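Here the structure comes first, spelled out in structure tokens, and everything after it is commentary.
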DNA sequence: TAACATTAGTTGCACATGCAACTAATGTTA
DNA sequence: TAACATTAGTTGCATGTGCAACTAATGTTA
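Residue numbers (our numbering), protein chains in the order written: chain A, -11 to 142; chain B, -11 to 142.
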């Protein structure tokens, strides 16, 4: 009673592979963060990384850069603020805007994520050539482009 | 004050591309399901698909197949049961076990997801050759293997 | 058989998420 | 300037998630 057609199509397509692989990577990253005693989710880590690249971004910009709804980002920040990894400062020019800064503690924690990231990257790319990785990234970029060129997301 | 080294490494690695692409695909799939008036999350759709392939699986098996914690699966099923997409039947052989079946409504809904899946697949794979897709899947398989060979997950 | 271990499934908790409705501040325009 | 529109951020609500602790049923073993 199965539909052979769809099943085959589906397994040949990249979608399910993408979803499951991403889930596995997330899972192991989270595990590794815990194993290193870092009180940090993968999502919070990404925010730290963006702030490390450019401190003082506002919430809107951070939400866009991390591909998150502004409400989701706001709640991430609230938790990170409570842990004193970041601080929010109201902008003088526009009182609606919060500028977000890494605290010293936040910088310290981010440094501690480096070996974790290295480790996950190494595990992922074991037995993969640079060429394979490069080609796969090229495909992922194209997929992203296929969606972004359709609509503006978030 | 940025670390050029890690930034470069990080962007050259496949991890962030994987996460973001997967997120975008999820987002558009969810959007498309809604656009077709289907009262269904992506996660619920995956459960329907597994049951369509093999009806009567128990919750443990479904959790494994969908790469989910058993508690998460149980809650997904509860919502799907309330919507009458699936039904749980206690096994006669082992009263601890629930066998899960698609209802007629569930089958009908699953059929309606087909054009949605087709559409997402087509969008994703626009301007991608079969060879590119095949190679990318090969890389994703290897990454999955790299993690599964490390530990048993979930 | 009684005691212990294991297993399937549920529940409490904390987290992350998007949408819609909301507030406060800013911008625009009649 | 007053009225309206837009914008940044917050909050309520529903969803999905893993872990740990729990219950009920089954398996194992002294």
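Think of the CB as a built atom: it goes at the ideal place given N, C-alpha and C, for glycine as much as any other residue. This structure is a prediction, so every number in the text was calculated from the model and none was measured.
query: C-beta neighbour in chain B for residue 33 (chain A), strict 8 Å; result: no
query: Members of the stretch 9 to 30 of chain B near chain A, C-beta cut-off 9 Å; result: 9, 10, 11, 12, 13, 14, 15, 16, 17, 19, 30
query: Unbroken beta strand (DSSP E) run spanning residue 95 (chain B), endpoints; result: Careful: residue 95 (chain B) lies outside any beta strand (DSSP E), inside the alpha helix (DSSP H) at 92 to 112.
query: Any C-beta of chain A under 8 Å from that of residue 51 (chain B); result: no
query: Contacts that residue 115 (chain A) makes with chain B (C-beta to C-beta distance below 8 Å); result: 130, 134
query: Top-ranked residue by Cα proximity to residue 42 (chain A), from A:73, A:89, A:70; result: A:89
query: With 16 other Cβ atoms within 10 Å as the buried cut-off, status of residue 47 (chain A); result: buried
query: Between the CA atoms of residue 97 (chain A) and residue 100 (chain B) - distance to the nearest angstrom; result: 47 Å
query: C-beta atoms of residue 69 (chain A) and residue 60 (chain A) nearer than 8 Å; result: no
query: Cβ neighbour criterion (16 or more within 10 Å) applied to residue 9 (chain A); result: buried
query: Three-state secondary structure assigned by DSSP to residue 55 (chain A); result: coil
query: Residue-level contact to chain A via CB, residue 120 (chain B), 8 Å cutoff; result: yes
query: Collapsed DSSP secondary structure at residue 139 (chain A) in the structure displayed; result: Below a pLDDT of 50, predicted positions are generally treated as unreliable, and residue 139 (chain A), at 47, falls in that range; the measurement from the model is reported next regardless. Residue 139 (chain A) falls in the coil class under three-state DSSP.
query: Interface residues of chain B facing residue 1 (chain A) [CB-CB closer than 8 Å]; result: 109, 112, 113, 121
query: CB of residue 54 (chain A) within 8 Å of CB of residue 85 (chain A), strictly; result: no
query: Min CB distance residue 6 (chain A) to chain B below 8 Å; result: yes
query: Distance CB(residue 135 (chain A))-CB(residue 12 (chain B)) smaller than 8 Å; result: yes
query: Cutoff 8 Å: residue 55 (chain B) Cβ touching any chain A Cβ; result: yes
query: Residues, ordered as in the chain, of the stretch 63 to 81 of chain A that lie near chain B by beta-carbon distance below 9 Å; result: none
query: Bridge partners - residue 88 (chain A), DSSP secondary structure assignment; result: A:76
query: Cβ-based burial, residue 24 (chain B) [other Cβ within 10 Å; buried from 16]; result: exposed
query: Given residue 137 (chain B) as reference, the closest of A:114, A:44, A:52, A:124 once Cα atoms are compared; result: A:114
query: Opposing strand residues paired with residue 46 (chain B) [DSSP bridges]; result: B:87
query: Neighbour-count burial assignment, residue 32 (chain B), 16 or more Cβ in a 10 Å radius; result: buried
query: CA-to-CA distance, residue 39 (chain B) to residue 94 (chain B), given in whole angstroms; result: 10 Å
query: Within-8 Å CB hit, residue 127 (chain A) to chain B; result: yes
query: Given residue 44 (chain A) as reference, the closest of A:29, A:79, A:122 once Cα atoms are compared; result: A:79
query: Between the CA atoms of residue 102 (chain B) and residue 73 (chain A) - distance to the nearest angstrom; result: 45 Å
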